[in-house]
Amino acid sequence: MDVREVIVESYREGFSPVVASAIGGLLAGVILGSMQDQLSALPGLLVLVPALLATRGNVYGAFASRIASGLHQGLVEPRIRPDERLRAAAVAAVSNNLLASGIAAVLTVAILRMLGRPVAGLPTLVGIAVLAAFLAGLALSVVVVVVMMLGYRRGIDPDTLVGPLVTTTGDVIGISFLLVAVDLALALGGT
113 MDVREVIVES YREGFSPVVA SAIGGLLAGV ILGSMQDQLS ALPGLLVLVP
163 ALLATRGNVY GAFASRIASG LHQGLVEPRI RPDERLRAAA VAAVSNNLLA
213 SGIAAVLTVA ILRMLGRPVA GLPTLVGIAV LAAFLAGLAL SVVVVVVMML
263 GYRRGIDPDT LVGPLVTTTG DVIGISFLLV AVDLALALGG T
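So our numbering is basically just the index in the sequence shown, starting at one, shifted up by 112.
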């Protein structure tokens, strides 16, 4: 393969995921923009949102990279039905996401209180963060596995899919389940 063919192949594989990532980011922004009432009702939630999204991106980026490496090395079969390795990696990703999201909520409350800023109660923000992490984690695990396997079977380098896949689905799914968790917390009287 010469340089021109490598460049053309890179654009062929990478263009669609990057466009999908941009569209997904805009969709996540629209969902976040629709949460103005919830953000006002729960002080500190807006501070927590970037931490939750970054956490999901890091955790599920690593999860997707492990799948990509496993596919390249022949350790993971390119099929939708997960084997024991994929299950263990998914459980680790969900667990890490839950722990990191809970810690992010605790730090958000602690820092905002130290700064004398209004902030919702610790149980409320931790509950929202953990519930959103759990629901998003389950959905992201399925989406990452399915897209990585289908892409690999269609001849797309899984490493090309990791970044755009995780950022797009992580943002859209993460914000969507955050909205669900916030609405549930408000319905239960959380403040």
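C-beta atoms are modelled at their ideal positions from N, C-alpha and C, and glycine is treated no differently.
Note on I223: under 16 other CB atoms within 10 angstroms of its CB, so exposed under the neighbour-count rule. In this structure, T220 lies near V159, with their beta-carbon atoms less than 7 Å apart. Spatial neighbours of M261 in its own chain (CB-CB distance under 7 Å, excluding positions within 5 residues in sequence) are listed in chain order as P190, R191, I192. For D269, there is no enclosing alpha helix (DSSP H), as DSSP gives it neither H nor E. Cβ-Cβ distances below 7 Å link G182 to V188, R197 in the same chain, with the five nearest sequence neighbours on each side left out; the list follows chain order. Between L138 and the set T280, G186, L296, the nearest pair of CA atoms involves T280. DSSP places V231 in the coil class of the three-state scheme, outside both helix and strand. Residues of the same chain with a CB within less than 7 Å of the CB of A241, apart from the 5 flanking positions on each side, are L160, L164, S213, G214, A216, A217 in chain order. Taking the Cα positions, L291 is about 45 Å away from R116. Between the alpha carbons of A248 and V254 lies a gap of roughly 10 Å. Rounded to whole angstroms, the Cβ separation of L210 and F246 is 6 Å, and the two are in contact under 8 Å. Contact between V259 and L273 holds: their C-beta atoms lie close to 6 Å from each other, under 8 Å. Taken atom to atom, the span from the alpha-carbon of Q148 to that of V142 is near 11 Å.
Counting along the chain, M226 sits inside the alpha helix (DSSP H) bounded by residues 196-226. From the listed residues P235, G126, A166, the smallest Cα separation to P276 is found for G126. Taken atom to atom, the span from the alpha-carbon of L296 to that of V278 is near 26 Å. Judged by DSSP in its simplified three-state form, M261 adopts helix.
If you draw a straight line from the Cα of N170 to the Cα of L300, it is about 31 Å long. Given a length threshold of 4 residues, each whole run of the alpha helix (DSSP H) inside the segment 124-187 is given here in chain order: 148-153, 157-185.
When only Cα atoms are considered, D269 and G263 end up about 7 Å apart.
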